[in-house]
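Below is one structure, written out as structure tokens, with a few remarks after it.
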Amino acid sequence: MSAASPAIPPPGLRAGRAALAVSFLLQGTTFALLVTCIPEIQHRYGLSDALLPLFLAAVPILAGVGSITSEQLVKRTGARAVLRVVQPLVCLSLAGVGLGDTLWQLAIALGAFGLLVGALDASMNMLGVGLQHRYGRSIMIGFHAAFSLGGILGAALAGLGSHYDLGLPVLFGTAAAVIAPLALLTGTRFAGPAELGDAVREAAEAAARSIPWRPLLPLCLAMVFAYIADSSVSNYSVKYLTDGLGSPEDLAKLSYLGYMVAMLLGRALGDRAVQRFGAVPVVRAGAGLAALGFALAAAAPAAWAGIAGFTVLGFGICAIIPQVFAAGGRLFPADSDAAVARLNLFNYVGFLIGSPLVGAIADASSYRWALLAPMLLVLAVLPLADRFAPAPVLAPAAV
């Protein structure tokens, strides 16, 4: 029986899988609390609309730094050890965002959040890939579905906080006080060397293997466009409803909540749609649906119409992102981890472009016009959809 594909998971592996799913859920909750409270953060710190995109753009930049740094730490200590440390610290950095009142304090708190989230994202996914190697079948979609479920929970909590006017110190402080101990407790059940063996190292070595860039470039572009759309929603959907449509803050939180509910449902049903209709029609439909969601949101006469638009958008985007990874894996089935690792880099590119782009257009005109930019970019996925079809297997080659 090979270490990569055991017929029966060894003792503790199922518990490790459940613990990692909880970790993804807790991170989804933490992230949603931050992004849905951007208007309150801006008000608390007196952050201008011109400066807001710069602060938001700094988070994915530092997340990339944290991700690279954590890869080196994982080699020395293991993904489990890194994850056990950084996830509670992410919660503390969230509390720091809520407790400060000057721009330099916000810069430090958001900077710490970005670095730690990058390390958290990398270590969680490394541990997930290791578990997937041990299971011998795809289980990563379930982890990302848990993240979406956490996003729903976080958005709902943020809405309740606004409705009852709790304020950021209470909302973020209470969330950190609950989530951090849960993260510590969950960390005691993460899979380690006894359960994983050399699976994490094998996955890392596979991801480091050399494969050609050219066949992946269309998929990289699709990933960038999808994450520009995603970052536009996470960073600006709530702000658009409050500033552009005059929505109360508690109602505005439903924009991100609806988006994440649609993402979760779409991920639950997406594989069946691909099996029935094929990847190319699903990706085309997803791109068209995402563009329609942006158009509906931009033209919304009131808050509920905006919420409906962002919900439609979630159903569209959820169909694109998993298929990017699947298409990369089909191109290089012997080196799918290497393909996925390269494609994953471009989610940071999308976040880095999306926030300043939408923020700059909104500052120069309005959020209605700003939403049209990601709408046009997500439509650019349509001519790339043919690249999602099953293709002849490509052998690894030197770059």
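Take the sequence shown: its position 390, counting from 1, is numbered 688 in the numbering used here, and each next residue is one higher. Yeah, the Cβ is synthetic: ideal placement off N, Cα and C, and Gly gets one too. Small disclaimer: the values here were computed from a predicted structure and weren't measured.
- Secondary structure in the region 518-573: no beta strand (DSSP E) run of 3 residues or longer lies completely within the stretch.
- Within the same chain, ARG582, ALA585, GLY586 come within 8 Å of LEU680 by CB-CB distance, once the 5 residues on both sides are set aside.
- LEU514 and LEU641 have their alpha carbons spaced roughly 8 Å apart.
- In the three-state scheme derived from DSSP, where H, G and I count as helix and E and B as strand, ASP661 is classed as helix.
- The Cβ-Cβ distance between VAL559 and ILE450 falls below 7 Å.
- Contact annotation: MET561 and CYS518 have beta-carbon atoms that are not nearer than 7 Å.
- Pairing ALA348 with ARG487, the inter-Cα distance amounts to about 44 Å.
- LEU466 has its alpha-carbon roughly 7 Å from the corresponding atom of GLU338.
- Contact annotation: the region 345-365 touches the region 409-420, with at least three C-beta pairs closer than 8 Å.
- Under the three-state reduction of DSSP, ALA687 is assigned to coil, being neither helix nor strand.
- Counting only runs of at least 4 residues, the region 597-682 fully encloses the following alpha helix (DSSP H) elements, listed from N- to C-terminal order: 601-629, 634-662, 665-677.
- Contact check between the region 379-392 and the region 473-485: three or more CB pairs, one atom from each, fall below 8 Å, which counts as touching.
- With 16 or more other Cβ atoms from the protein chains shown falling within 10 Å of its own Cβ, SER532 counts as buried.
- Of TYR343, LEU418, LEU331, the smallest CA-CA separation from GLY364 is found for LEU418.
- Per DSSP, the unbroken alpha helix (DSSP H) holding TRP402 starts and ends at 401-433.
- Of the candidates PHE644, ALA662, ARG666, PHE644 places its Cα closest to the Cα of TRP511.
- The three-state reading of DSSP puts TYR343 in helix, counting H, G and I together.
- A straight-line Cα-Cα distance of about 20 Å links GLY396 and THR540.
- If you look at ALA473, you'll find it in the alpha helix (DSSP H) that goes 466-485.
- Contact between the region 316-333 and the region 442-459 is present: 3 or more CB-CB pairs across the two stretches fall below 8 Å.
- Comparing C-alpha distances from ALA379 to each of LEU675, TYR538, ALA420, LEU401 shows the shortest one belongs to ALA420.
- Taking 7 Å as the cut-off, the beta carbon of GLY459 is found no closer than this to the beta carbon of LEU447.
- A direct Cα-Cα distance of roughly 25 Å separates SER321 from GLY627.
- Judged by DSSP secondary structure, PRO386 falls within the alpha helix (DSSP H) whose first and last residues are 377-397.
- If you ignore the 5 residues before and after ILE605, its C-beta comes within less than 7 Å of the C-beta of LEU552, SER553, GLY556, all in its own chain and listed in chain order.
- Here ILE336 carries a helix assignment [DSSP, helix/strand/coil].
- The criterion of a C-beta distance shorter than 7 Å is satisfied by GLY485 and ARG382.
- Under a 10 Å Cβ-count criterion, SER663 is classified as exposed, with fewer than 16 other Cβ atoms of the shown protein chains found around its own Cβ.
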